[in-house]
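The structure appears below as structure tokens.
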Amino acid sequence: MKKKIFTLMLVALLAMSFAGCTSQKEQKAATESNTVSSTDKSNIESGDKTSGKLPNLEVRFGPKSNEFTLNLDSNNTATEIGRYIGQADWNLPIYHFGDSNVMQYYDIPSSYKIDSDPKAVTTEKAGELYYSSPNRIILFYQDAKVKGNFTKVGQLKNIDGLKEAVENNAVVEGWDNKIISISPAK
């Protein structure tokens, strides 16, 4: 039991180091600059500080898989996630809900503060990404009927080969886990 807890703590620390390190002052400034005010709704589709443009994002299952384009939804949760990823790539460990063969989840380090507005969801399509508090992204890689309260944050574009990419994702050496990488498109 202690070995499992130690391993989980080590994975969390590694995930935070891959997600990028910032000082508390930088983190606070980034959080404040990433908040979308009610008067800033017209800039929801943008994330850089001058034009407010959100980055186009790419998702990869393991370091050598094909890239999938992530289209973010127009809501505050998706905007916050997009802006954070625009500042530092995310390499997150992958977890499965029991024996689920339709979805997996990725824990975001707690240093990222993400607001959400969850809604009851009962039907999900392959390629849809949801946010679940506290700091968890859920990907459905097959169509599903799963009840939960989630905030939809986006949809993977062109999901041909998605199921295979998820299923063939290899364990990363040194992590003893599979990872998902989310980064700005090149």
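Those letters in the sequence shown? Residues -19 to -1, 1 to 167, by mature numbering (1 follows the signal peptide of the UniProt record, and there is no 0).
Here a beta-carbon is modelled for each residue, glycine too, at the ideal position from N, C-alpha and C.
Values in this document were obtained by computation on a predicted structure and should not be read as measured data.
Beta-bridge partners of Arg117 (DSSP): Asp88 and Ser113.
Of all alpha-carbon atoms in Gly43, Tyr93 and Ser81, the one lying nearest the alpha-carbon of Arg64 is that of Tyr93.
Ranked by Cα distance from Gly142, the first of Asn37, Ser46 and Asn52 is Ser46. Gly129 carries a strand assignment under DSSP once its states are collapsed to helix, strand and coil. For Val147, there is no enclosing beta strand (DSSP E); the residue is found in the alpha helix (DSSP H) stretching over Leu143 to Glu148.
Taken atom to atom, the span from the alpha-carbon of Trp71 to that of Glu39 is near 11 Å. Per the DSSP secondary-structure output, Lys159 pairs with nothing in a beta bridge.
Setting aside the 5 residues that flank it on each side, Thr132 is surrounded in the same chain by Thr58, Ser97, Asp98, Pro99 and Tyr112, each with a C-beta closer than 6 Å to its C-beta; the list follows chain order. Around the Cβ of Thr103, a 10 Å sphere holds fewer than 16 other Cβ atoms; the residue is exposed. Residue environment for Phe78: exposed (fewer than 16 other C-beta atoms within 10 angstroms of its C-beta). Ranking Gly43, Pro36, Glu61 and Pro44 by CA distance to the CA of Leu51 puts Pro36 first.
Residue state for Gly63 is assigned as helix, using DSSP reduced to three classes. Taking the C-beta atoms as reference points, Leu73 is found no nearer than 8 Å to Val134.
When the beta-carbon positions are compared, Val83 and Phe49 stay at least 8 Å from each other. About 12 Å separates the CB atoms of Ile163 and Ile75; that is not less than 8 Å, and the two are not in contact. Here Phe42 is near Ile161, since their CB atoms are less than 8 Å apart. Annotated as distal: Ser81 and Asn116, with beta-carbon spacing of 8 Å or more.
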